[in-house]
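For the sequence shown, this note's numbering begins at 112 and goes up steadily by one.
Glycine is no exception: its CB is placed at the ideal position from the N, C-alpha and C atoms.
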Amino acid sequence: MMVVRQRQSNRKVSQLLTPVDDKVSVATDGNAAAEVVSSGHGHDDSLEKALTGRTPDGKAFAVPKTRDMLQSLFNPFTPKTTFDMATLLMLSTHMVIAAVFPMAVKRWILMLAFAFWRLCYNGGLGWILKWQSNHHGLVAMFKRNGWLDPARGGKIYVWLKGELEAKMGPDYSFENVPIEFNVWLLYRQLVDLILLNDFAAYFFLCSCYLGSANDSEPWHMYLRIAGGVILLVFNLWVKVDAHRVVKDYAWYWGDFFFLVEQSLTFDGVFEMAPHPMYSIGYAGYYGGSMITGSYTIFYASLAAHMLQFLFLSFVENPHIEKTYERPPLAVQVIQRSRNRRLSSINSDVEDIVGDISNPESASALVSAAAAARNSIRERPASLWHPDLIVFKNFDLFRASDILILLLLFYSIAIPLGFMWVTGNRQLVLTYSIFQCIGWILFRTLALGFLLKKQSTSQLITRWYIKHGGNGEEAFSSWRAIYNTVSIMTYGSFGLVGLTAYHWGSAAYGDLVLFHTLGLLMIGFHVWSSRSVYEVLGDFGWFYGDFFARDPSMLSLAPADMKLYYTGIYRYLNDPEKVIGQAAFYGLALISRSWAVFALALLLQTCSFLFNAYVETPHMKKIYGAQVRRDSGIVRTVKKAVNKGIGQSVFGDEQNKAEDGDSEHLLSVGYNLEGPSMVNILTSTTKPVRDMFLETKGLLSTTTARLAERTLPSELSKIDHLNMYGIKLLPGAAWRASGKPAAVKNAKFSYYLGESIRISWQAPISHSRRDWVGVYPVTANFSSQITTASSKGCYVYTHPDENLLAEMVVGDSVFAGFIKGVSSSKERGSGGIGDLSLLNGNNTSRRNGSRKRATADIVHGEAIFSSSALPFKVGTYEMRLHHGGTHAVLAQSKPFEISVCEIKDIVRVLGEHDEDDTPGANSDSLPADTNTNMDADNIDYLSQALLNIVNKAFAVTDSHTVTAPKDSPAAMAAGGGHIGAEGDVVVQTDVVEPLESVDDAFSVDGVLDEKQAKRLGYAIKEYLGVEFAPDVLIHAAKHGATVHDVAKRVVEARKALSAYSSVNF
112 MMVVRQRQSN
122 RKVSQLLTPV
132 DDKVSVATDG
142 NAAAEVVSSG
152 HGHDDSLEKA
162 LTGRTPDGKA
172 FAVPKTRDML
182 QSLFNPFTPK
192 TTFDMATLLM
202 LSTHMVIAAV
212 FPMAVKRWIL
222 MLAFAFWRLC
232 YNGGLGWILK
242 WQSNHHGLVA
252 MFKRNGWLDP
262 ARGGKIYVWL
272 KGELEAKMGP
282 DYSFENVPIE
292 FNVWLLYRQL
302 VDLILLNDFA
312 AYFFLCSCYL
322 GSANDSEPWH
332 MYLRIAGGVI
342 LLVFNLWVKV
352 DAHRVVKDYA
362 WYWGDFFFLV
372 EQSLTFDGVF
382 EMAPHPMYSI
392 GYAGYYGGSM
402 ITGSYTIFYA
412 SLAAHMLQFL
422 FLSFVENPHI
432 EKTYERPPLA
442 VQVIQRSRNR
452 RLSSINSDVE
462 DIVGDISNPE
472 SASALVSAAA
482 AARNSIRERP
492 ASLWHPDLIV
502 FKNFDLFRAS
512 DILILLLLFY
522 SIAIPLGFMW
532 VTGNRQLVLT
542 YSIFQCIGWI
552 LFRTLALGFL
562 LKKQSTSQLI
572 TRWYIKHGGN
582 GEEAFSSWRA
592 IYNTVSIMTY
602 GSFGLVGLTA
612 YHWGSAAYGD
622 LVLFHTLGLL
632 MIGFHVWSSR
642 SVYEVLGDFG
652 WFYGDFFARD
662 PSMLSLAPAD
672 MKLYYTGIYR
682 YLNDPEKVIG
692 QAAFYGLALI
702 SRSWAVFALA
712 LLLQTCSFLF
722 NAYVETPHMK
732 KIYGAQVRRD
742 SGIVRTVKKA
752 VNKGIGQSVF
762 GDEQNKAEDG
772 DSEHLLSVGY
782 NLEGPSMVNI
792 LTSTTKPVRD
802 MFLETKGLLS
812 TTTARLAERT
822 LPSELSKIDH
832 LNMYGIKLLP
842 GAAWRASGKP
852 AAVKNAKFSY
862 YLGESIRISW
872 QAPISHSRRD
882 WVGVYPVTAN
892 FSSQITTASS
902 KGCYVYTHPD
912 ENLLAEMVVG
922 DSVFAGFIKG
932 VSSSKERGSG
942 GIGDLSLLNG
952 NNTSRRNGSR
962 KRATADIVHG
972 EAIFSSSALP
982 FKVGTYEMRL
992 HHGGTHAVLA
1002 QSKPFEISVC
1012 EIKDIVRVLG
1022 EHDEDDTPGA
1032 NSDSLPADTN
1042 TNMDADNIDY
1052 LSQALLNIVN
1062 KAFAVTDSHT
1072 VTAPKDSPAA
1082 MAAGGGHIGA
1092 EGDVVVQTDV
1102 VEPLESVDDA
1112 FSVDGVLDEK
1122 QAKRLGYAIK
1132 EYLGVEFAPD
1142 VLIHAAKHGA
1152 TVHDVAKRVV
1162 EARKALSAYS
1172 SVNF
């Protein structure tokens, strides 16, 4: 049985997240694709049997069958629940509005209703799913409030139980299924309410615009309506076929709540397009626009479709990626750490026996590792300085990039300037057309001829070898030539479009429509090109397999040079040939120019010839039987035709063979995913987000002043206020200074990336939602209320089960725990962090009328690590807050986050958290580590960089345990007003991902932008060398190790030290 990832990639599923070995789970609702176990063709009969589900904590249960939504809602003989009645009432409201109100009024009302329900779908449901995906938030809310608990739920429990039992069959037992399943069933009711009303509002809105089109000829109307009906029928087929594949579980986003063990054959509409329910599944919107002939309906449909892509980008894609493709960094690091511990236990005895029998084994291993590092092939410059891909990776100080920019400027700016000065548009248009034809022919015919000769006789490589070069130089020069020609082709098309642009007396509606369609086609072109690049990478984008047939021949070559149909290639064999000219046709629409259209047609024709006579013969020669004949779309159409007429018009033997081949290839293929179309839209949200944050900052001052007036009365209700406190515990920087931990008024300092431990105390009656946040000392002007965001840098001091219900693997915020309980007399001073001293006279007045009393105090600790740790040099403070609010109970003294000198990195950052012993890596350091860095101490710098990378990528491994009844945690829980015996507490470890300098400096060969920025900042602060995030991402993608990065750092420091005022 072969696991096949049938999305845009085939990333391996993490064993930590996959419930069983040979079964995996459906990942989508039909809106994205699913994880597949392929065992042949046709659908598995097990789909009709009971499925096995697994909750996030690993509990298995039999998944009851669900009823069809339309049947249960519209069948008059089916009992109706409160949710059903609400849905039917809202649907009837839309019908009444469409039937009763005047045309102008009901158009506005239904437009607002459609906007409301669409925002409820994409915004409301999207927020709930995001919350559930990141923190199990919806399930945690039900657990926290006890609504599905018979002991605490009361009337709400009885009502919800009746609602769900009325919707389910005899195999369903409310008490026997886990809470995750019941919450999912309730979420389904909300989904049905919103989606059905969204459809009804759109349907009645379209009905209000029927007959609004002004067709000049009757056949225009017939053609328009026929096209709209075809799109509607196609839309219906997409929905039905998608539901056939993914069923109710995935249709309603079930994998946000639990996973199922299910085998599917992932075919049909999912072989036609990525995310078919969100892409081609909205064809009906445009069918409705064509039938009504209304621009209003078209733009409303387009806006709704764009919102759906945003929903896909921000909600579904991240969840699918972390669940089925590439688990989050924390999951990978923790799993790797646990595997290491398990394997080390099994190998300890063997290592000891081996060391006894061969005393020189340790030194031999060290020598072998050093020899391996020295024998590694030198990394080419392209590993650290990515090539120009169109204008991606543009470098202002790279000569080739500047020359391309100048060439483009002279080719476009001079003709435009001549046209502006002389007014002779026709002459410039003629020149630009001939220039565009020249670049098209050069790109397809001339470069095609060179590639053909390179394929048959290695012409380009032989030329470079003959003139003193090598294969790397030949491929590097080819990349520069190909990219230059591509840029000039795009630029020449743009020049033709600018000079040919004219609309004259065209109708305003046509003008807007054609511009909209043209821009959409340009956006589609950008998305398809990015999807192609993400699958092929640099090597495939520049036809690298014409220059190397062995991975060892070129540095950019992948380790496994096989043919894989992943990403956009799952649906099209050659996207560049089919849709790679969409932008040029869009430019023809915008410019209203037949000349641009003819040039686009010429380019596509030449691309077909290039593919037929150059690329396809080479692919067959290199990859042989791996080259498939039919694309996913073609196979789907053939199957549909064969099924529709009841006989095999198109033979499927070849397709069956190709299915088997492609499944095998996908099971071991690239771990690269083409980006969703909405990634283009995602980049536009940053300016809006920045503006929002600035506005929020301006309002925070006013909010703080208003809250400060009511704060004293709120805090006065808290018992034993002066017994709250927090204190910093010494870290590596303090231990390195040699000062005792009890020095008065000492200013603590911690090194960048180092975990920070604190101790805290509170009355035993404290809120279990108390939390400590870290802030720059200048972020908050008030000592009584926190106005600045902690930006995720916070931990709960003593979380209870309700809070822990939201904990997911890698969470850093549940890192507080109990150490003991003591009895103390309330006083005005003397706690860990005396609030009366910190906050002046306000606290004393609040407690001045109270008598001193004896109270039990809870003592504990907490650790700030990973994402809860500020990763920036500066001065900070910590604030203890009450019960999930921003009311300050105590503050710490200011502390610094800084960096140490290079000679101290291994000694300081490599030590353990609890003592002063250095890390294991320090034994292999050079004897003299006090000298300036140069090429002779590359081993030391590699060890230092290993520690820096580990600090940057360290994750928090928190897990819950049940404390013994006589433990401090149990006493704290039982003695207060919250807990009971056997309190659930958290154990926290800080896990570092890398073991050796020969490890890749990324986790699983992938470095996202956030991780790259974090690592780049740490290298800059510790080592004085700045790497752009794109450089680190590119190097990680090509397998650079810690030792490779260290070499680059040494080279950079040597290049800068002679001319820099910075003391290296």
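- Scanning its chain for C-beta atoms nearer than 8 Å, with the 5 sequence neighbours on each side dropped, one finds around F928 the residues H909, G971, E972, A973, A1080, V1096, V1097, Q1098 and T1099, in chain order.
- Under the DSSP assignment, Q1002 falls in the beta strand (DSSP E) whose first and last residues are V999 to Q1002.
- When only Cα atoms are considered, V294 and A709 end up about 57 Å apart.
- By the beta-carbon neighbour count (other beta carbons within 10 angstroms, threshold 16), H578 is exposed.
- Per DSSP, the continuous beta strand (DSSP E) segment holding G884 begins and ends at W882 to P887.
- The C-beta separation of V1066 from G864 comes to about 12 Å, leaving the pair out of contact by the 8 Å criterion.
- DSSP places F545 inside the alpha helix (DSSP H), whose first and last residues are R536 to L552.
- Taking a contact as a CB-CB distance under 8 Å, the pair I1049 and L1134 does not count as one, their CB atoms being some 13 Å apart.
- Secondary structure at F650: helix, using DSSP grouped into helix, strand and coil.
- Listed in chain order, the non-local C-beta contacts of K688 below 7 Å within the same chain comprise S718, F719 and N722, local neighbours out to five positions each way being set aside.
- Uninterrupted alpha helix (DSSP H) stretches at least 4 residues long and entirely within the region 378–461 occur at 394–403, 406–422 and 428–431, given in chain order.
- Looking at the DSSP output, H992 sits in a beta bridge with W882 and V999.
- Nearest in C-alpha terms to T567, of all of M730, S639 and F172, is M730.
- Where R868 is concerned, the enclosing beta strand (DSSP E) starts and stops at I867 to P874.
- V885 and P981 have their C-alpha atoms roughly 7 Å apart.
- Residues G248 and L249 of the same chain have their beta carbon placed closer than 8 Å to that of W242, with the five preceding and five following residues left out of the count.
- Its chain contains L1057, V1060, N1061 and V1153 as the residues whose beta carbon lies nearer than 7 Å to that of L1105, once the 5 sequence neighbours on both sides are disregarded; these appear in chain order.
- Taking a C-beta distance under 9 Å as the contact criterion, A312 and L221 qualify as a contact pair.
- Comparing alpha carbon positions, the residue from D282, L321, R703 and T193 closest to G273 is T193.
- The beta carbon of L674 lies closer than 6 Å to those of Y734 and Q737 in the same chain, with the five residues before and after it left out.
- Between the region 529–537 and the region 699–708, the count of Cβ pairs shorter than 8 Å is below three; the stretches do not touch.
- In this structure, A1123 sits near D1141, with a CB-CB distance shorter than 9 Å.
- In the three-state reduction of the DSSP assignment, I829 falls in the coil class.
- A1163 carries a helical assignment under DSSP once its states are collapsed to helix, strand and coil.
- About 6 Å separates the CB atoms of V906 and A979; that is less than 8 Å, so the two are in contact.
- The C-alpha of V1161 lies about 11 Å from the C-alpha of Y1051.
- By alpha-carbon distance to E583, the top candidate from F657, G559 and L540 is F657.
- Taking V1072 as the centre and dropping the five residues before and after it, the same chain places the C-beta of V1096 and Q1098 closer than 7 Å to its C-beta, in chain order.
- In this model, V501 and S597 are separated by some 7 Å (Cα to Cα).
- A direct Cα-Cα distance of roughly 26 Å separates L622 from T600.
- Look at the beta carbons and you see the region 363–371 touching the region 289–309: at least three pairs across the two are nearer than 8 Å.
- In the structure shown, L162 adopts extended strand secondary structure according to DSSP, grouped into three states.
- DSSP places F982 outside both helix and strand once states are collapsed to three, so it counts as coil.
- A buried status is given to R641, since no fewer than 16 other beta-carbon atoms sit within 10 Å of its beta-carbon.
- Bounds of the beta strand (DSSP E) holding G836 are G836 to L839.
- DSSP places T1071 within a strand segment (E or B) once states are collapsed to three.
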